[in-house]
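K.L.:
First the structure, which I've put down as structure tokens, then a few questions once you've had a look.
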Amino acid sequence: MGLVLLLIPLTSQIEMNHSDKNVLTEILQSQPERFQHLLDNADYHEIQILYTQINRDETNYPHFTSYSYRTNKEHFFFPASTVKLPVVILALEKINNLNIEGLAKYTPLRIDSAYVNQTEVLHDSTSENNLPTIAHYIKKVFLVSDNDAYNRLYEFLGQKTINESLWAKGFEDVCIVKRLSTFNTPEEDRYTNPLTFYDGDKILYRQPLVYNPEQYPLELQGLQKGRGHYSDGELIEEPLDFTRSNYFSIESQQEILRSLLFPEAVPEKQRFNLSNDDYAFLCKYMSMLPRESDYPNYDSTEYYDSYVKYFMFGNSRDPIPEHIRIFNKVGQAYGYLVDNAYIVDFENEVEFLLTAVIYANANQILNDDTYEYDEISFPFLAQLGRTIYEYELKRERKFAPDLSKFRFDYP
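Sequential numbering of the sequence shown, starting at 0, is according to numbering that gives the first Met the number 0.
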């Protein structure tokens, strides 16, 4: 299949390139040894790419120009852990919206169980004080993409709040209706646990069991995947139905990332109710490497630098250079590999946004843990990130960016 490139406006703030020069097409076609074998089968691999250049003006205000390859909001792909990014942001926004004295992201909480397949949480052995907090769950989500941490934030928010909050901000191509790595039915995921925030013996906020009466079945292309799938250890020789799945389009992924990183440069409607400390907290832990964390503490042989950094470094376990930081959220499941990233090189004053997905499942059986991540997907995303980075190194900018906002002290 030949390359097709569309220039699509993500918001009214994006500056589009209206010339005949299709930059992303040229970049991809300039490296046939890296990409052509996959791009020739882009439909089969369900490849979508969104690349955004950032140009600063004399005041350091960012202007965006985006290029897309095969992005299609109407075609379903499984977003996996990328859905954790909006949930993390909304958890902090909810704390701020509650506006209860003493209630903060560091406040201890207790999670109870009151419905089928719900589990309680009283302690967290990975935290410094052995207590669970919203802040600590967020750290675990960003550092190693911890599924249980995401599930607890999902339970704090509730299914209806998550979706209606995002839709109200204009992020329409997103639907988050499921916990991850659980055996919950769609009905069970509509119920979220009761929980309590406390300070010593004092209860600051108590949330009851919440049920979402609404249902959000997906109406997209490609919701039936594969020629078979495993369920309870048995091969079912029919496609897996994702009608009641999470969904998060490539465009919405980058929109939300941009709203977090550059709130001043998006429409007010798309901004989140976060404090300056919240923004800094999210950016720091989104870019932190597992080995740089004390609480939680991770074994660097298992949780290497690129464990959740797929662009540029995903096919290597070598340390990531100190002058490069990646602010991102990845996803990996059912043969899909996804990364949604803002990549910064402080030494060479480079910055860009990149979001992409690729599918690799040769036998077309889902849930058999036989996917071509190592052979196809990790090399593709790593090469894509490196190729765009190499282009950005040479791209002329009228004004060098001041990236001090994104510099943090890591342990």
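Even for Gly, the Cβ is constructed at its ideal location relative to N, Cα and C.
The model shown is predicted, which means the values in this text are computed figures rather than measured ones.
What does the alpha-carbon distance come out to for the pair Glu237 and His228?
P.N.:
7 Å
K.L.:
Kindly indicate which residue of Leu402, Leu352 and Asn211 has the alpha-carbon position closest to the one of Glu391.
P.N.:
Leu352
K.L.:
Can you say whether Asn93 is buried or exposed, counting buried as having 16 or more other CB atoms within 10 angstroms of its CB?
P.N.:
Looking at the sequence itself, residue 93 is Lys, so the reference to Asn does not match. That one is buried.
K.L.:
Within its chain, find whatever has a CB closer than 6 Å to the CB of Ala340; leave out the 5 residues flanking it on each side and keep chain order.
P.N.:
Phe310, Ile325, Asn327 and Leu353
K.L.:
Where does Asn347 land, buried or exposed, given buried means 16+ other C-beta within 10 angstroms?
P.N.:
exposed
K.L.:
Nearest-angstrom Cα distance between Glu171 and Leu165?
P.N.:
7 Å
K.L.:
Nearest-angstrom Cα distance between Lys104 and Ile137?
P.N.:
So the alpha carbons of these two residues sit roughly 9 Å apart.
K.L.:
Excluding sequence positions up to five away, which residues of its chain have a Cβ less than 7 Å from the Cβ of Ser180?
P.N.:
Asn146
K.L.:
What's the C-alpha gap between Met0 and Ser248?
P.N.:
Any answer about Met0 is weak, because its pLDDT of 33 lies below 50 and its placement is not dependable; what the coordinates show is given next. Met0 and Ser248: Cα-Cα distance of roughly 22 Å.
K.L.:
Below 8 Å on the Cβ atoms is my guess for Leu256 versus His74; work out the distance and round it to an integer in Å.
P.N.:
Not a contact, Cβ separation roughly 21 Å.
K.L.:
What's the C-alpha gap between Tyr66 and Tyr197?
P.N.:
47 Å
K.L.:
Could you work out which residue in Ile175, Leu142, Gly313 and Arg109 is closest to Leu130 when comparing CA atoms only?
P.N.:
Cα-wise, what sits closest to Leu130 is Arg109.
K.L.:
Which two residues bound the contiguous alpha helix (DSSP H) that contains Gly384?
P.N.:
Phe377 to Lys393
K.L.:
Quick one: what's got a C-beta closer than 7 Å to Phe379's C-beta in the same chain, skipping five residues either side?
P.N.:
Leu37 and Ile357
K.L.:
What number of angstroms, rounded off, separates the C-alpha of Asn245 from the C-alpha of Glu395?
P.N.:
39 Å
K.L.:
Is it the case that the Cβ atoms of Pro85 and Val173 are separated by a distance below 8 Å?
P.N.:
yes
K.L.:
Which first and last residues belong to the beta strand (DSSP E) in which His349 is found?
P.N.:
Before going further, note that residue 349 is Val rather than His in the sequence given. Residues Val349 to Tyr358.
K.L.:
From the DSSP output, in three-state form, read off Gln30 for me.
P.N.:
coil
K.L.:
Do the region 303 to 323 and the region 274 to 292 touch if we need at least three Cβ pairs shorter than 8 Å?
P.N.:
Between the region 303 to 323 and the region 274 to 292 there are three or more C-beta pairs closer than 8 Å, enough to call the two in contact.
K.L.:
Taking only three categories from DSSP, how would you classify Phe63?
P.N.:
Looking at Phe63 - three-state DSSP - the assignment turns out to be strand.
K.L.:
Terminal residues of the continuous beta strand (DSSP E) containing His228?
P.N.:
Counting along the chain, the beta strand (DSSP E) containing His228 begins and ends at Gly227 to Ser230.
K.L.:
Per DSSP, what kind of secondary structure is Ala134 in: helix, strand or coil?
P.N.:
Three-state result, Ala134: helix.
K.L.:
Counting C-beta neighbours from all protein chains within 10 Å, is the total for Pro43 16 or more, i.e. buried, or is it exposed?
P.N.:
Reading off the sequence, residue 43 comes out as Tyr, not Pro. That one is exposed.
K.L.:
For Thr132 and Gly157, which I take to be in contact (beta-carbon distance under 8 Å), what is that distance rounded to the nearest angstrom?
P.N.:
Going by Cβ atoms, the distance from Thr132 to Gly157 rounds to 19 Å, so no, they are not a contact pair.
K.L.:
Determine the closest residue to Glu25 out of Ile387, Lys397 and Asp408, with distance taken between C-alpha atoms.
P.N.:
Ile387
K.L.:
Quick check: the Cα distance between Lys404 and Asp338, rounded to an integer number of angstroms?
P.N.:
C-alpha separation (whole angstroms): 22 Å.
K.L.:
Looking only at its chain, what residues have a beta carbon closer than 7 Å to the beta carbon of Gly330, apart from the 5 residues adjacent to it on each side?
P.N.:
Pro78, Ala79, Ser80, Thr81 and Val337
K.L.:
Kindly list the residues whose CB is nearer than 8 Å to the CB of Gln206, restricted to its own chain and excluding five residues on each side of it in sequence; keep chain order.
P.N.:
Phe155, Pro193, Leu194 and Thr195
K.L.:
Which residues does DSSP pair with Ala340 in a beta bridge?
P.N.:
Asn327 and Leu353
K.L.:
Applying the criterion that 16 or more other CB atoms from any shown protein chain within 10 Å of the CB defines a buried residue, is Arg316 buried or exposed?
P.N.:
exposed
K.L.:
Do Ile364 and Gly225 count as a contact pair if the criterion is CB distance below 8 Å?
P.N.:
yes
K.L.:
Can you tell me which of the three DSSP states Pro216 falls into?
P.N.:
In this structure, Pro216 counts as coil in the three-state DSSP scheme.
K.L.:
Span of the alpha helix (DSSP H) holding Gln252?
P.N.:
Ile249 to Leu260
K.L.:
Could you give the DSSP three-state label for Asp368: helix, strand or coil?
P.N.:
coil
K.L.:
Where do the N-terminal and C-terminal ends of the alpha helix (DSSP H) with Phe155 fall, by residue?
P.N.:
Asn146 to Leu156
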